[in-house]
Amino acid sequence: MDCVCWNYPSKQSLLRQERGDKVIAVCRNASDELKALGIEIIDGIDITCDSSVSELRDRLSGLSIDVLINNAGIVERVSLENLDFDSIRRQFEVNAIGALRVTHALLPLLKPGSKVVMMTSRMGSIDDNTSGDSYGYRMSKVALSMAGKSLSHDLKPLGIAIAILHPGLVQTRMTNFSPSGITAEVSVKGLLDRIDRLTLKNTGTFWHSNGEILPW
Ligand SMILES: NC(=O)c1ccc[n+]([C@@H]2O[C@H](COP(=O)([O-])OP(=O)(O)OC[C@H]3O[C@@H](n4cnc5c(N)ncnc54)[C@H](OP(=O)(O)O)[C@@H]3O)[C@@H](O)[C@H]2O)c1
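Per my numbering, numbering of the sequence shown is gapless, rising by one per residue and ending at 255.
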């Protein structure tokens, strides 16, 4: 059985399901759109909360996860003129610590051959930062990518590979469905391709969904 635990699930979870994978969507509140997909949903899970993530582990117990996708994230604009430290902390809690908390909690359900995705952002590339700003988002995504890199070393002996992925600029709620973005379908097709090609040899690489290797 190929079991994919997608947190947070987008409509594109269906793409995996269409390939015959068993998809489990994890979220805080299941939307009508998500419910309409007919996939298994575990709701009421907040990745910033220890007890909530323990509950997730208990609800998945007995299962073996082939692919864990840490997708949940938030963006809040923090500029130098408006340096909101609470917002920066919030973004670290969700974007960086939350993904590590979930991965750590679900480690017992991963096995040799399992794969883990950290959904980071090109905005977390230090080399690619040519415009500044966005302190909380940029800093938290750098931290997430670093967590992914450390996990790639620590989990390699266990046969578990890590992909650090940038989905592209995608038309989602986060970007107010920006017309200059790619569709979720295009992004997810690329992401699935990256996951399919992920091995213990290329574990810990930072990729764009289109296959480009991104600079740290
Ligand atoms: N869209 C882009 O262009 C883009 C570019 C680069 C990177 N990314 C990354 O890609 C990932 C997905 O982004 P998206 O565009 O799909 O964003 P989105 O539409 O805003 O969705 C993000 C999801 O994360 C969930 N979430 C937020 N905080 C959570 C928490 N504490 N516990 C559990 N779930 C939580 C939200 O759940 P609720 O529905 O409950 O709020 C929301 O459904 C994010 O990590 C984002 O940083 C996106």
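Note that CB positions come from ideal geometry on N, CA and C, so glycine has one too.
Beta-carbon to beta-carbon, residue 248 and residue 206 are separated by about 5 angstroms, close enough to satisfy the 8 angstroms threshold. Relative to ligand 1, the nearest heavy atom lies less than 8 angstroms away from the CB of residue 111.
For residue 189, the closest alpha carbon among the candidates 180, 212, 243 is that of 243. When DSSP reads this structure, residue 113 sits in no beta bridge, so it has no partner. By the C-beta density criterion, residue 111 is buried, having at least 16 other C-beta atoms within 10 angstroms.
Within the DSSP secondary-structure output, residue 202 pairs in a beta bridge with 156, 244. As computed with DSSP, residue 209 is found in a beta bridge with 221. Here the stretch 165-179 makes no contact with the stretch 194-205; the two share fewer than three CB pairs at distances below 8 angstroms. Burial state of residue 137 is buried, judged by a 10 Å Cβ sphere holding 16 or more other Cβ atoms. Short note on residue 206: C-beta closer than 8 angstroms to some heavy atom of ligand 1. Annotated three-state conformation of residue 252 is strand, per DSSP. Inter-segment contact for the stretch 139-151 and the stretch 82-96 is present: three or more beta-carbon pairs are separated by less than 8 angstroms. Across the set 196, 252, 105, the C-alpha of 252 shows the shortest separation from the C-alpha of residue 166. For residue 178, the enclosing alpha helix (DSSP H) stretches over residues 174-194. Judged by DSSP in its simplified three-state form, residue 108 adopts strand.
If you draw a straight line from the Cα of residue 71 to the Cα of residue 83, it comes to about 15 angstroms. Residue 74 and residue 80 have their alpha carbons spaced roughly 8 angstroms apart. Classified as buried, residue 180 has 16 or more neighbouring CB atoms from the shown chains inside 10 Å of its CB. For residue 154, the CB stays at least 8 angstroms from every heavy atom of ligand 1.
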